[in-house]
Amino acid sequence: MSELRVKRDPEGTRRRILEAAAEQFTKFGLAGARVDAIATVAGTNERMLYYYFTSKEGLYVAVLEAMYAQFAEREGSLDLSGLQPSDAIRKLAQSIWTHLRDNPQWLNLVNNENLHEGRYLERSSRLRETISPVVDLLRAILERGASEGQFRPGIDPLDFYVTLVGMGYYVVSNRFTLEAFTGRNYAEQRNHESISRLHVDMLLSYLRPDSRTMD
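Using full-length UniProt numbering, read the sequence shown as starting at 1 and increasing by one per residue.
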C-alpha cells in the first residue's frame, strides 16, 4: 500500500491497524503480539503504526478502548423507553449477554488485561466515559420502575450493571471449563437461553418491592 493512499485514508488505515491488532492481541496477548505482523495484516508499515499509536502498548490500550466503546455504544443505542421497566431490564440483559456470547474476541482481550491487573486500561483517559451511557440508561429504567411501584427504590445502577454483566460473562468466559466439569455446553443455544432466563428471573426478583416496601 502506497503512502499516498495512507495519507488519503488516515481513518481507514487506523481502523485496519486496530482490527489487525485486536486479532493479534487476542491470539498472542500483549507480549506475544508482533508489531510487524500487525502492520502486514493491516496493509501498512510499522512506521505508520507508531505514528498513530506511539508504541505497541499504546496500540493495545487503543484496541481495548475501541472494544469497550463498541460494547457501550451498542447497549446505549437500545430504545427501551416504550417498554415496561421489567421488560426493559430483560431486553437490556439479553442484549448484553448475547453480545458477550457472540464476541469471544472481546472476552479474550478482557481476560488478558485482567492478567495484567488492569494496568494498561488505567492509562486510558476515555475508558470510563464509555460506561456512563449504559449506566445512565439503566439508572433511568430503575428510577422509572421505582416510581411506578414495580421496583424497590435505592438500587445502585452501577452495582446492578456489574452484577448483570457478571452473570453473562461468567457463563461465556468459562464455557469450556464448565462443560468439562458439568458436562453441559452453555455455548449451545438452548442452554444459553435457559440459563439466561434463570438469570433474568433472579434479577427481577431482586428488584421487586418486598412486603414492607409495599406497605
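Glycine is no exception: its CB is placed at the ideal position from the N, C-alpha and C atoms.
Take residue i and list the residues in its own chain whose beta-carbon comes closer than 8 angstroms to its own, dropping the five residues that flank it on each side.
i	result
LEU83	LYS91
ASP210	ARG152
TYR51	none
LEU78	LYS91, LEU92, SER95 and LEU137
What does a CB cutoff of less than 7 angstroms around residue i pick up in its chain, not counting 5 residues either side in sequence?
i	result
ASN108	THR26
LEU85	Residue identity differs from the one stated: residue 85 is Pro in this sequence, not Leu. Hits under 7 angstroms: ILE141, ARG144, GLY145, GLU148, GLN150 and PHE151.
ALA72	THR130, ILE131, PRO133 and VAL134
LEU49	ILE17, VAL35, ILE38, ALA39 and LEU59
GLU113	LEU64, TYR120 and LEU121
GLY76	PRO133, VAL134 and LEU137
Find the nearest neighbour of residue i within the set the options, judged by alpha-carbon distance.
i	options	result
GLY58	LEU30, THR177, ALA93 and ILE96	LEU30
PRO10	ALA33, ALA42 and GLY32	ALA42
Does residue i pass the burial test, meaning 16 or more other C-beta atoms within 10 Å, or should it be called exposed?
i	result
GLY168	buried
LEU115	exposed
THR213	At THR213 the pLDDT is 47, less than 50, meaning the model places this residue with poor confidence; the figure from the coordinates comes in the next sentence. That one is exposed.
GLN24	buried
SER196	buried
VAL6	Caution applies to VAL6, whose pLDDT of 46 falls short of 50 and renders its modelled position unreliable; the value that the coordinates give is listed next. VAL6 is buried by the Cβ-count criterion.
LEU4	Low local confidence applies: a pLDDT of 44 at LEU4 is under 50, so the model's placement there is unreliable, with the coordinate-based value given in what follows. Exposed, since its Cβ has fewer than 16 Cβ neighbours within 10 Å.
THR40	exposed
MET67	buried
GLU188	exposed
ARG15	exposed
PHE181	exposed
Enumerate in chain order the residues of its own chain whose CB-to-CB distance from residue i is below 6 angstroms, with the five nearest sequence positions on each side excluded.
i	result
ARG139	PRO157
HIS199	MET167
ARG126	GLU65
Would residue i pass as an interface residue toward chain D - the criterion being a Cβ-Cβ separation below 7 angstroms?
i	result
ALA20	Note that chain D does not occur in the displayed structure, where there is just one protein chain.
For this session: Note down, one range per segment and in chain order, each alpha helix (DSSP H) of at least 4 residues found wholly within the region 67-101.
Result: none
Problem set entry | 4 or more residues per run - each alpha helix (DSSP H) lying fully within the region 121-149 | 127-147
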